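Residue numbers (the working numbering): 301 to 532.
Beta carbons: idealized from backbone N, C-alpha and C, even for Gly.
Please read all numbers here as calculations on a predicted model, not as lab measurements.
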């Protein structure tokens with residue numbers, strides 16, 4: 301039974317990969333190879349029924365696992381898109397602030413007169429410095445948020461997929477046990493039938509009829525000489 305469970309887990313791990321138009325016949329051949337049926341021979345009908353039932357149930361279990369893991373991936377991708385939209389609003393604000401800073405500097409640079417240039421520089425220094433400091437702080441904060449979001453999404457996706465795999469393994473072991481029980485039932489029925497065939501049938505001994513020839517004939521009574529009749 302332990303061997304069958306291990307074979308089941310190997311098959312489960314192989315079949316857990318999402319199917320992309322794969323040939324069912326190939327998967328069934330792999331299943332039969334795992335059961336020692338690699339040679340071109342067929343199981344008896346009862347065992348074949350057990351094998352087909354196990355194969356079909358395992359395939360459904362694998363498809364369920366594939367669908368669940370795909371759902372985990374889709375959920376993670378949607379979360380990433382949502383986080384990126386939130387972060388992009390911060391990035392847009394940073395871009396706007398740096399653009400204002402660039403425009404202020406450009407206005408000062410456009411002054412060819414030295415006095416006007418210096419006056420522009422000192423007049424916009426505090427504003428420009430505030431724009432630069434604010435943008436720098438927001439950039440660090442957004443960058444940290446990007447990393448935090450990525451870590452959170454990865455952990456959530458990992459837990460989701462791990463839970464799906466654990467459930468699939470439990471189901472796979474259960475299917476293997478059901479397959480083993482199916483074979484045990486066949487073996488029990490076969491042994492019961494063999495015992496019935498070996499039990500001898502009690503034969504009745506016929507009673508022999510009595511033969512009439514064995515009956516005893518009674519003897520004739522003896523006569524005295526005096527009593528015998530005289531002849532003429």
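Would you mind sorting residue i into buried or exposed? The rule is 16 or more other CB atoms within 10 Å of its CB.
i: residue 365; result: buried
i: residue 385; result: exposed
i: residue 418; result: exposed
i: residue 397; result: buried
i: residue 355; result: buried
i: residue 382; result: exposed
i: residue 377; result: exposed
i: residue 457; result: buried
i: residue 472; result: buried
i: residue 369; result: buried
i: residue 450; result: exposed
i: residue 358; result: buried
i: residue 362; result: buried
i: residue 399; result: exposed
Spell out whether any CB of chain D is found under 7 Å from the CB atom of residue i.
i: residue 440; result: Absent from the structure: chain D. Only one protein chain is present.
Could you check where the alpha helix (DSSP H) with residue i kicks off and where it finishes?
i: residue 374; result: 345 to 409
| message | Check whether the segment 345 to 358 and the segment 470 to 490 touch, using three or more Cβ-Cβ pairs below 8 Å as the test. | response | The way I'd put it, the segment 345 to 358 does touch the segment 470 to 490; three or more beta-carbon pairs between them come closer than 8 Å.
| message | Whether or not the segment 404 to 420 and the segment 435 to 444 are in contact is what I'm after, with contact meaning three or more pairs of Cβ atoms, one per stretch, closer than 8 Å; do they touch? | response | Verdict: no, contact absent.
| Enumerated in chain order, which unbroken segments of the alpha helix (DSSP H) with a length of 4 residues or greater are wholly contained in the segment 410 to 494? | None, since the segment 410 to 494 contains no complete alpha helix (DSSP H) of that length.
| field | At least 3 beta-carbon pairs within less than 8 Å: the segment 482 to 496 vs the segment 399 to 406 | value | Not touching, per the Cβ criterion.
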